[in-house]
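*Asks:* Sharing a structure with you now.
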Amino acid sequence: MQEFFNNLLPNLMRRLPEFWKAAGDTVLMEAWAGAFVFIIGLILGVILTVTKPGGIMEQKFIYQVLDKIVNLFRSIPFIILLTALMPLSRLIMGTAIYVRGVIVPLVFGATPFFARQVESALAQTDKGLIEAALSMGSSPLEIIFRVYLRESVAPITRATTITIISLLGLTAMAGAVGAGGLGDFAIRYGHDRNMIDITWVTVIVLVAAVSLVQWLGDFIARKNTH
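Here it is, written out as structure tokens:
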């Protein structure tokens, strides 16, 4: 079996320790950035929902400011964001390269997208439930947790799934600026040195990861669909 893989994937087998390290770096980037994106994006999505015109805590100024900020960062291509946020990455993380250096750009790149996804998910909440909660004297905080978030588990799960998959693509793109991970591994060997077997294995691994995330997200969403 070892000889079979050596013949089929000669370049990859010679660099197998580097490949596993790159895969581990991708998981680290996805886990750290994903955690921050989920928390910050969920909070922003909730604030956008409750402060918009007609919301339970209508605050036009706050809504307009957050709305413009989210739109601004959503409009910046990620490869440009990587370069623009290098000074901030150095300030916060102590470096602008490797796994630690790319966490900040990943968070800034994916959070606005997820916040919009959360806002869209919460907008699907039955307005009759919100009105009923208001009529019973529920506070805004109670409505957020007991109505908005509780009733939106399935759509938020789908939004999270989409964001995780998008984030995986961003981690691969970050390899172009030396962030490490599978993207960097594929660029250095698969592209720059024309090692086709490395390119194809990287693609297969990323496709498998996306398929697994999608299946898990769909499973959780189905379990929480009323």
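Its first residue numbered 2, the sequence shown is counted upward by one per residue in the numbering used here. For each residue, glycine too, the CB sits at the ideal point set by N, CA and C.
Are the beta-carbon atoms of L168 and E59 separated by less than 8 angstroms?
*Replies:* Cβ atoms of L168 and E59: not closer than 8 angstroms.
*Asks:* Distance, Cα to Cα, G110 vs E4?
*Replies:* The alpha-carbon atoms of G110 and E4 are separated by roughly 43 angstroms.
*Asks:* Please state the DSSP three-state secondary structure of K53.
*Replies:* Here K53 sits in coil by DSSP.
*Asks:* Might you give, ordered along the chain, the residues of its own chain that have their beta carbon closer than 8 angstroms to the beta carbon of P11, omitting 5 neighbours on each side?
*Replies:* For P11, where only same-chain residues beyond five positions count, the Cβ hits under 8 angstroms are D198.
*Asks:* Does S153 pass the burial test, meaning 16 or more other C-beta atoms within 10 Å, or should it be called exposed?
*Replies:* The residue in question, S153, is buried, as its Cβ has 16 or more Cβ neighbours within 10 Å.
*Asks:* Is it the case that the Cβ atoms of G182 and G176 are separated by a distance below 8 angstroms?
*Replies:* Contact flag set, yes.
*Asks:* Between the segment 133-145 and the segment 43-58, can you find at least three pairs of beta-carbon atoms closer than 8 angstroms?
*Replies:* Yes: the two stretches touch, three or more of their Cβ pairs being nearer than 8 angstroms.
*Asks:* Taking the alpha-carbon positions, what's the R223 to A155 distance?
*Replies:* So the two alpha carbons sit approximately 7 angstroms from each other.
*Asks:* Please identify the residue among I98, R151 and V100 whose C-alpha is closest to the C-alpha of A124.
*Replies:* Taking only the C-alpha atoms, the option nearest A124 is R151.
*Asks:* Secondary structure at A97, three-state DSSP: helix, strand or coil?
*Replies:* The answer is coil: DSSP assigns A97 none of H, G, I, E or B.
*Asks:* Since T84 contacts Y149 with CB under 8 angstroms, what's their CB separation in whole angstroms?
*Replies:* Contact flag wrong, Cβ pair sits at about 37 angstroms.
*Asks:* Is the separation between the beta-carbon of V38 and that of T226 shorter than 8 angstroms?
*Replies:* No, Cβ-Cβ distance for V38 and T226 is not below 8 angstroms.
*Asks:* Does the pairing of the segment 97-111 with the segment 69-89 give three or more beta-carbon distances under 8 angstroms?
*Replies:* As far as the Cβ criterion goes, the segment 97-111 touches the segment 69-89, which means the pair count is three or higher.
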